[in-house]
Every structure is written in structure tokens, then in C-alpha cells.
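J.: The numbering of the sequence shown is this note's numbering, which starts it at 1 and goes up by one. Beta carbons: idealized from backbone N, C-alpha and C, even for Gly. Computed from a prediction, not measured in an experiment: that's the story for all the values here. Take this structure, written in C-alpha cells, and hold onto it; I'll ask about it next.
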Amino acid sequence: MFRIVRKEPLHDTVTLMEIEAPRIAKKALPGQFIILRIDEKGERIPLTVAGCDKLAGTVAIIFQKVGATTQRLDKLNAGEYLLDFVGPLGKPSEFDGYAGKKVCVIGGGLGIAIAYPQAKALHAIGADVDIIVGFRSTDLFILVDELQNACNNLYVMTDDGSNGHKGFVTTALRRQLDAGVKYSLVVAIGPLVMMRAVCDLTKEADINTIISMNPIMIDGTGMCGCCRLTVGGQTKFACVDGPDFDGRQVDFEEAIVRSRMYKKEEAEILHRCNLTGEVR
Ligand SMILES: Cc1cc2nc3c(=O)[nH]c(=O)nc-3n(C[C@H](O)[C@H](O)[C@H](O)COP(=O)(O)OP(=O)(O)OC[C@H]3O[C@@H](n4cnc5c(N)ncnc54)[C@H](O)[C@@H]3O)c2cc1C
Ligand code: FES
């Protein structure tokens with residue numbers, strides 16, 4: 001059993017939790033994730049390691065309440081326990097060779113929570129980091145102070161312009177590229193359509209691009225095939241070959257179709273009565 005040691009709502013739909021998991025805290029690196037299960041009837045869900053405190057033996061996760069499991073998770077409090085908390089899974093991000101180089105880390109929506117450890121890692125090895133993040137509006141801001149400390153320049157965009165910078169993350173990236181900023185690497189994490197739009201720009205500008213794929217996962221060990229995707233014409237499993245991939249090689253059309261495979265069942269579970277099994 002894994003104890004929740006801290007719970008902090010970042011806003012209405014996003015929560016940070018720290019879980020006591022010393023073995024994972026000791027080993028996890030940026031880009032890796034865990035799979036948790038609340039109890040024996042729970043589904044397994046993957047969440048990125050948002051940070052580790054090796055001394056305290058805790059692992060931070062940041063999750064958005066999007067469906068049945070994340071809503072159940074959000075009902076738990078510090079002092080309560082999770083049945084399973086497995087990791088670190090996936091390959092760590094590879095940033096060798098980017099010390100002293102100009103790089104751009106882009107996060108959209110909750111992708112910001114996943115992009116934050118990557119930006120911190122790049123900043124720590126001495127890369128010159130620009131961060132571009134996009135929110136729908138200012139009331140959905142998360143981690144802005146933390147991001148500020150993990151970069152040289154932070155550009156915050158809002159879809160509705162409520163912070164005075166209206167546009168998508170690609171609006172800001174396009175502006176940087178048009179202004180002649182030369183990036184050696186772009187890291188983009190967020191919804192598939194956002195990552196595809198970033199990759200369209202970086203293909204045009206010929207910039208190495210790493211994206212973090214988040215297909216549906218079950219076992220997280222390469223056995224079930226659920227997280228299959230096509231990269232550079234080859235079949236890959238996001239849980240063991242990723243989740244980071246060269247974004248310019250990813251077949252986004254296939255990934256988008258596969259991400260929608262269980263929409264109906266996910267909606268039903270959210271509205272199914274635990275006592276009768278009836279879908280409401
Ligand atoms: C490597 C990886 C890292 C992730 N990191 C984070 C993170 O740090 N924070 C965060 O909020 N979310 C993260 N996600 C997404 C998170 O796993 C889903 O939001 C969660 O599983 C939703 O479960 P649910 O029952 O609440 O919602 P549901 O209603 O079941 O699903 C909502 C959506 O979540 C996705 N999803 C559902 N089940 C799974 C599953 N077993 N595996 C993957 N995706 C699923 C689907 O796109 C689905 O449409 C990550 C996903 C992956 C693959
Ligand atoms: S989650 Fe089963 S193969 Fe990746």
C-alpha cells in the first residue's frame with residue numbers, strides 16, 4: 001500500500017499529490033511515469049512523475065479530473081492509501097548534447113505538468129530554455145512560478161486572451177521562429193492536435209522535436225499492445241519505447257483515432273451506478 005502524504009488542489013480540475021514510494025523516488029528520471037490502481041476493483045492509469053523527493057521518499061503526481069478514475073483519486077486525502085503504485089516506467093527523456101543550446105519546451109493544458117520536469121532537466125544541464133505554455137484562460141493557470149524558475153524566458157498564451165497574450169502555443173512558436181530565434185530542440189507536450197500543430201511548424205523549420213505520447217495503457221510493460229503507435233513507419237509501444245518520440249515521425253492520424261476507441265465505454269463508466277450497474 002502507498003500512502004498519500006500530501007494533496008494540494010492546483011485549481012478546480014487539477015490536483016497535485018505526493019505519494020510515499022521511496023524506491024521509485026530514488027530511481028525515477030524526467031520523462032518517466034507510474035501506473036497506479038486505487039483498489040482491487042480500480043482501473044490502472046498512467047501518470048507522469050512530476051517530481052521526486054529522494055530524501056523524503058515521495059513521488060509527486062499532477063492529474064486532471066477527466067473521468068471515473070481521476071475523479072475517484074481526487075476524493076482521496078492525505079493519510080489514505082493507494083493499492084498499487086508501479087514505476088518508474090518508460091524511458092527517461094534524453095537531453096544529452098543540449099547543454100548551452102537554445103531549446104524550447106512547449107506545454108498545452110495539463111501537458112504543462114508533464115513538460116515541467118523536462119524543462120527543469122534541460123535548465124539544470126545548462127540549456128538556454130524558452131518555455132511556451134498555453135491555457136484556455138487565466139483561471140486555469142498552474143505551475144506558472146515553478147515554470148518561471150525552470151527557464152530563461154516564459155511565454156504564457158491564453159485561448160481567450162485573458163492575460164493579454166491571445167493565441168495558441170503555436171502562435172508564440174511561430175512568432176519566435178519568424179523573429180529568427182534558432183532552436184536546437186523543441187519539446188512539446190499536450191493534446192495530440194496541439195503536438196501535431198507544433199510538429200507541422202518544426203518540420204518546416206527543420207528542428208529536432210520530442211513529444212510525449214499518451215495513448216491508453218494497460219500493463220505498461222510492452223505485453224498488451226494497447227499503447228501501440230506508428231513512428232517512422234515502425235510499430236512502437238509508448239510504454240517501453242517511449243513515451244518520448246521524435247514528433248516529426250509520429251503518425252498522428254492513427255494516434256488520434258486510437259485515442260478515441262473507448263470514448264463510449266469511458267462515458268458509461270462515469271455514469272454507471274456502483275450498486276446496480278445501471279448506466280444513467
Ligand atoms: C505516459 C502517460 C502519462 C500521463 N501523464 C498524465 C499526467 O501526468 N497527468 C494527467 O492528468 N494525465 C496523464 N495521463 C493521462 C491519464 O492517464 C488519463 O487522463 C487517465 O487515465 C484518465 O482516466 P479516467 O478514468 O479518469 O478517465 P476516462 O474517462 O477513463 O478517460 C479520459 C481520457 O483519458 C485517457 N485514458 C483513459 N484511460 C487511460 C489509460 N488506462 N491509459 C492512458 N490514458 C487513458 C483517454 O484519452 C480517455 O479518453 C498520462 C497518460 C500517459 C499514457
Ligand atoms: S501498455 Fe501494454 S504494451 Fe504498452
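1) K318 by DSSP, collapsed to three states: which one?
2) Hey, could you find the ends of the beta strand (DSSP E) V14 is sitting in?
3) Given a cut-off of 7 angstroms, decide if A68 and A119 are closer than it, judged by their beta-carbon atoms.
4) Rounding to the nearest angstrom, what Cα-Cα distance links T48 and I62 in this structure?
5) How should E253 be labelled, buried or exposed, when 16 other C-beta atoms within 10 angstroms of its C-beta is the threshold for buried?
6) Using CA atoms only, rank isn't needed, just tell me which of S212, Y262, E204, E20 is closest to L36.
7) Distance, Cα to Cα, C227 vs K236?
8) Since I believe P22 is in contact with G108 (beta carbons under 8 angstroms), could you give me their beta-carbon distance rounded to a whole number of angstroms?
9) Tell me whether G90, by its Cβ, gets closer than 6 angstroms to a heavy atom of ligand 2.
10) Rounded to whole angstroms, how far is the Cβ of K91 from the Cβ of G242, which I believe are closer than 8 angstroms?
11) Less than 8 angstroms between the CB atoms is what I'm expecting for I142 and A113, so what's the real figure, rounded?
12) Once DSSP output is grouped into helix, strand and coil, what is the label at E8?
13) In angstroms, rounded to a whole number, what distance separates the CA positions of G164 and T158?
14) Beta-carbon separation of L110 and Q64 under 7 angstroms?
15) When the Cα atoms are used, what is the spatial distance from R175 to P117?
T.: So, to answer that:
1) Limits of the chain in this structure are 1 at one end and 280 at the other, which puts residue 318 out of reach.
2) Against the sequence shown, residue 14 aligns to sequence position 14. Taken as a continuous stretch (DSSP letters only), the beta strand (DSSP E) holding V14 covers 14–20.
3) Numbered from its first residue, the sequence shown carries residue 119 at position 119. Numbered from its first residue, the sequence shown carries residue 68 at position 68. Not a contact, by the Cβ cut-off of 7 angstroms.
4) Within the sequence shown, residue 48 is the residue found at index 48, counting from 1. Within the sequence shown, residue 62 is the residue found at index 62, counting from 1. Their Cα atoms are separated by approximately 8 angstroms.
5) Within the sequence shown, numbered from 1, the residue matching residue 253 stands at position 253. When all chains shown are included, E253 counts as exposed.
6) Here residue 36 refers to the residue found at position 36 when the sequence shown is read from its first residue. It is E20 whose Cα lies nearest to the Cα of L36.
7) Your numbering for residue 227 matches position 227 in the sequence shown. Your numbering for residue 236 matches position 236 in the sequence shown. Roughly 8 angstroms separates the two Cα atoms.
8) Residue numbering aside, residue 108 sits at position 108 when the sequence shown is read from its first letter. Residue numbering aside, residue 22 sits at position 22 when the sequence shown is read from its first letter. Contact doesn't hold; Cβ gap of about 33 angstroms is too wide.
9) Numbered from its first residue, the sequence shown carries residue 90 at position 90. No.
10) Working through the sequence shown from its first residue, we reach residue 91 at position 91. Working through the sequence shown from its first residue, we reach residue 242 at position 242. Sure, about 7 angstroms apart at Cβ, within 8 angstroms.
11) Residue mapping note: residue 142 aligns to position 142 of the sequence shown, counting from 1. Residue mapping note: residue 113 aligns to position 113 of the sequence shown, counting from 1. Distance from I142 to A113 at the Cβ level is roughly 7 angstroms; contact confirmed, criterion being Cβ atoms closer than 8 angstroms.
12) Walking along the sequence shown from the start, residue 8 turns up at place 8. Residue state, collapsed to three classes: strand.
13) Taking the first residue of the sequence shown as 1, we reach residue 164 at position 164. Taking the first residue of the sequence shown as 1, we reach residue 158 at position 158. Near 8 angstroms, if we compare the C-alpha coordinates of T158 and G164.
14) The residue given as residue 110 occupies position 110 in the sequence shown. The residue given as residue 64 occupies position 64 in the sequence shown. Yes. Within cutoff.
15) On the sequence shown, residue 175 is found 175 positions in, with the first residue counted as 1. On the sequence shown, residue 117 is found 117 positions in, with the first residue counted as 1. Rounded to the nearest angstrom, the two C-alpha atoms are 25 angstroms apart.
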